Amino acid sequence: MATKAAAKKKSVRTPSGRKRARQSVKANAANTALRSRFRTAVKSVRKAIAAGDHAKAMEVFKANAPVLDSIADKKIFHKNTAARHKSRLNAAIKALASSAATGAAA
Numbered sequence: 001m002a003t004k005a006a007a008k009k010k011s012v013r014t015p016s017g018r019k020r021a022r023q024s025v026k027a028n029a030a031n032t033a034l035r036s037r038f039r040t041a042v043k044s045v046r047k048a049i050a051a052g053d054h055a056k057a058m059e060v061f062k063a064n065a066p067v068l069d070s071i072a073d074k075k076i077f078h079k080n081t082a083a084r085h086k087s088r089l090n091a092a093i094k095a096l097a098s099s100a101a102t103g104a105a106a
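Here the sequence shown is numbered in UniProt numbering, starting from 1 and rising by one per residue.
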């Protein structure tokens, strides 16, 4: 079993290793922020859908779709993941429109 001392990360000794460690900390912070931005964009569209306003939901979706694509382009999420999220959000918005249309007709 690993003891507490063995579980600790080894400190990097070489100058290039230290630089790599510094760079990975910066990259990790940037990637975390982008992941958060992706999830926030999806949540904002979901919130607009839950409110039941089709026009508002479509407006929020159109504003956030490029955000999803740009984060996928940076390979924070796979491009198919972004496409899947966009597709499901769009389907939910279309379902909202059709339910609003049938509700108005009834």
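Each residue gets a CB set at the ideal place from its N, CA and C atoms; glycine is no exception.
No experiment lies behind these values; they were computed from the predicted model shown.
**Message:** Let me confirm a value: H54 is counted as buried when at least 16 other C-beta atoms fall within 10 Å, else exposed. Which label applies?
**Reply:** buried
**Asked** Alpha carbon to alpha carbon, what distance is there between R22 and V60?
**Response** One C-alpha to the other measures close to 37 Å.
**Request:** Select from A92, S99 and G103 the residue whose C-alpha is nearest the C-alpha of M58.
**Result:** Comparing Cα-Cα distances from M58 to each of A92, S99 and G103, the minimum goes to A92.
**Message:** Please report the distance separating the alpha-carbon of K47 from that of V25.
**Reply:** 33 Å
**Request:** Give a yes or no on whether the C-beta atoms belonging to I76 and R20 are separated by under 7 Å.
**Result:** By the CB criterion at 7 Å, I76 and R20 fall outside the cutoff.
**Request:** Compare the C-beta of A101 with all C-beta atoms of chain B and state if any pair is closer than 7 Å.
**Result:** Within the model displayed, chain B is absent; a lone protein chain is all it includes.
**Asked** Excluding five sequence neighbours on each side, which residues of the same chain lie with their C-beta closer than 6 Å to the C-beta of T102?
**Response** none
**Prompt:** When the Cα atoms are used, what is the spatial distance from R13 to A29?
**Reply:** Approximately 23 Å, taken between the alpha carbons.
**Asked** Using the beta-carbon count (16 or more within 10 Å), is N80 buried or exposed?
**Response** Using a 10 angstroms sphere on the CB of N80, the tally of other CB atoms stays under 16, which defines it as exposed.
**Request:** Inspect the beta-carbon positions of A65 and K86 and report whether they are closer than 7 Å.
**Result:** yes
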